[in-house]
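Step one of this worksheet: look at the structure below.
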Amino acid sequence: MADIQATIDPGLMLMISLAAGPKHGHAMLLDVERFAGVRLGPGTLYGALSRLEASGHVEPLPAEGRRRPYRLTGAGKAALEQRLGSLQRAVATGLARVSA
Amino acid sequence: MTRLITRLYPRAWRDRYGAELSDLIDETGMTPRVAIDVARGAAREWTNQARLGLAGGGSVVIGPAWRHPQMWAAMALIILAPTAAFVLLSILAYQLGATWLITFMEPVTRWMQTVRIIDLMLVVSPVIALLIAAAPLVRVELHREATGREAVVGVRLKAANVLIGLLALFIAVLLVGHILAESVLRVGA
Chain A
1 MADIQATIDP GLMLMISLAA GPKHGHAMLL DVERFAGVRL GPGTLYGALS
51 RLEASGHVEP LPAEGRRRPY RLTGAGKAAL EQRLGSLQRA VATGLARVSA
Chain B
1001 MTRLITRLYP RAWRDRYGAE LSDLIDETGM TPRVAIDVAR GAAREWTNQA
1051 RLGLAGGGSV VIGPAWRHPQ MWAAMALIIL APTAAFVLLS ILAYQLGATW
1101 LITFMEPVTR WMQTVRIIDL MLVVSPVIAL LIAAAPLVRV ELHREATGRE
1151 AVVGVRLKAA NVLIGLLALF IAVLLVGHIL AESVLRVGA
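If you want it as structure tokens, here you go:
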């Protein structure tokens, strides 16, 4: 688990989580843990979230009580598609070379 | 504890995300691992802020003690107090002839010579106290102007900090002078 944690990109994980719909911090944390098997720390999560917001990839929605949900923007969705596409090519190439 | 640890973040970041981060910590629970993660996140935000300031983004102010000068002055005084008391008693006993104090000072001095760390702390503490007292008097602002990057150093005078700082400096000079004089006398003998 420690090795996975070290190589994980928290920003990418959050974008994948938000691709399914708007979520607040705790929901993102649980979702990432569910699909990636990695538990992000609160400092890591909000650090990544603030950078994604600064780059225009996610945006905050009106607060629901004490929680504030975030959603993926159009630019964020395009960036995520591009990133996942290049990762997919890298993974496919790697797997093909390993099995050759 | 949660409020305390989120205070590690730069003010601008804390104003925007601090409440949400506090809520998330309350929901996940504060464990040593969470505390380390949050402290690491705070360090990263300070680094980002400094880099932004130097690269021409928003300005960044470096002056961690600027907002609580009295608290820092009190800390400096606490650190300085044992050395100040020892120096005062030594002057009274050995320089001003208060012989009744010598019977008290002799065993204390002998004990300190056997525990070297105490001896060392006695000399180092005025320097630490001076730095702590002076820290709230200075702050550096990094920002970008039309002419290029600028670092503006702000200096102010706060009576308590200046007084304690000067006292620490005075005691440090006294101690160094005393050590040097003793060394010269020892070499001369």
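In order, the protein sequence lines correspond to chains A and B.
Residue numbers for the first sequence follow this note's numbering, beginning at 1 and rising by one.
Residue numbers for the second sequence follow this note's numbering, beginning at 1001 and rising by one.
Where is the CB? At the ideal position from N, CA and C, for every residue including glycine.
On a predicted model such as this, the values are computed, not experimentally measured, just so you know.
Can you tell me whether residue i is helix, strand or coil according to DSSP?
i	result
R83 (chain A)	helix
W1013 (chain B)	helix
I8 (chain A)	coil
P1082 (chain B)	helix
R1040 (chain B)	helix
P1032 (chain B)	helix
R51 (chain A)	helix
R66 (chain A)	coil
P1252 (chain B)	Since the first and last residues shown for chain B are 1001 and 1189, residue 1252 (chain B) lies out of range.
L40 (chain A)	coil
G21 (chain A)	coil
A100 (chain A)	coil
Check for me: the beta strand (DSSP E) holding residue i runs from which residue to which?
i	result
G1097 (chain B)	Segment: none, G1097 (chain B) is in no beta strand (DSSP E) and carries neither H nor E.
L72 (chain A)	70 to 72
I1062 (chain B)	1060 to 1062
P60 (chain A)	58 to 60
Tell me which residue opens and which closes the alpha helix (DSSP H) that residue i is part of.
i	result
I1005 (chain B)	1002 to 1006
V32 (chain A)	25 to 36
#### Entry: Residues in the region 1058 to 1085 of chain B having any Cβ partner in chain A nearer than 9 Å
Taking 9 Å as the Cβ-Cβ cut-off against chain A, none of the residues of the region 1058 to 1085 of chain B qualify.
### Query
Hey, which unbroken runs of the beta strand (DSSP E) at 3 residues or more fall wholly within the region 1095 to 1169 of chain B?
Taken in chain order, the complete beta strand (DSSP E) segments of 3 or more residues contained in the region 1095 to 1169 of chain B are 1138 to 1145, 1148 to 1155.
### Task
For the region 56 to 69 of chain A, enumerate the residues whose C-beta is nearer than 8 Å to any C-beta of chain B, in chain order.
Taking a C-beta cut-off of 8 Å against chain B, the contacting residues of the region 56 to 69 of chain A are R66, R67, R68, listed in chain order.
### Query
Is the region 1056 to 1076 of chain B close to the region 1131 to 1142 of chain B, with three or more CB pairs under 8 Å?
Pairwise C-beta distances place the region 1056 to 1076 of chain B in contact with the region 1131 to 1142 of chain B, as three or more of them are shorter than 8 Å.
### contact_flag[the region 16 to 26 of chain A, the region 53 to 69 of chain A] where n(CB pairs < 8 Å) is 3 or more
Enough Cβ pairs lie closer than 8 Å, so yes.
### Message
For the region 1077 to 1097 of chain B against the region 1158 to 1171 of chain B, do three or more pairs of beta-carbon atoms, one drawn from each stretch, fall closer than 8 Å, so that the two count as touching?
### Response
With a cut-off of 8 Å, the region 1158 to 1171 of chain B and the region 1077 to 1097 of chain B count as touching, because enough Cβ pairs lie within range.
### Message
Any C-beta of chain A within less than 9 Å: which residues of the region 1037 to 1050 of chain B qualify?
### Response
Within the region 1037 to 1050 of chain B, the residues whose Cβ lies closer than 9 Å to some Cβ of chain A are D1037, V1038, A1039, R1040, G1041, A1042, R1044, E1045, N1048, listed in chain order.
### Query
Using a beta-carbon distance cut-off of less than 7 Å, what residues from the region 10 to 21 of chain A approach chain B?
Against chain B - using a Cβ distance shorter than 7 Å - the region 10 to 21 of chain A contributes no residues.
### Query
Quick one: any contact between the region 1073 to 1083 of chain B and the region 1121 to 1128 of chain B, if contact means 3 or more CB pairs under 8 Å?
The region 1073 to 1083 of chain B, when compared against the region 1121 to 1128 of chain B, does touch it at the 8 Å Cβ threshold.
### Query
How about the region 40 to 59 of chain A and the region 1008 to 1020 of chain B: do they share at least three Cβ pairs that are nearer than 8 Å?
A contact exists between the region 40 to 59 of chain A and the region 1008 to 1020 of chain B.
### Task
With 8 Å as the limit, tell me which residues of the region 1024 to 1035 of chain B have their beta carbon closer than that to any beta carbon of chain A; keep them in chain order.
So the close ones are L1024, I1025, E1027, T1028, R1033, V1034.
### Message
Contact between the region 1158 to 1167 of chain B and the region 1063 to 1081 of chain B is defined here as three or more beta-carbon pairs at a separation below 8 Å; is this criterion met?
### Response
The region 1158 to 1167 of chain B is in contact with the region 1063 to 1081 of chain B.
### Message
Beta carbons nearer than 9 Å to chain B: which residues of the region 32 to 46 of chain A have them?
### Response
Answer in chain order: R39, L40, G41, P42, G43, T44, L45, Y46.
### Query
Three or more C-beta pairs closer than 8 Å, one from the region 78 to 90 of chain A and one from the region 7 to 17 of chain A: is that the case here?
Segments in contact, yes.
### Task
Would you check if there are 3 or more beta carbon pairs closer than 8 Å linking the region 1033 to 1049 of chain B to the region 1002 to 1009 of chain B?
Enough Cβ pairs lie closer than 8 Å, so yes.
#### Entry: Proximal residues, the region 74 to 91 of chain A versus chain B, C-beta separation under 8 Å
Against chain B - using a Cβ distance shorter than 8 Å - the region 74 to 91 of chain A contributes no residues.
### Query
Hey, is the region 1027 to 1038 of chain B in contact with the region 26 to 45 of chain A, meaning 3+ C-beta pairs nearer than 8 Å?
The region 1027 to 1038 of chain B vs the region 26 to 45 of chain A: in contact.
#### Entry: Against chain A: residues of the region 1086 to 1100 of chain B by CB proximity under 8 Å
For the region 1086 to 1100 of chain B, no residue has a beta-carbon sitting nearer than 8 Å to a beta-carbon of chain A.
### Query
For the region 1008 to 1020 of chain B, which residues have a CB atom closer than 8 Å to at least one CB atom of chain A, in sequence order?
Correct list: W1013, R1016, Y1017, A1019, E1020.
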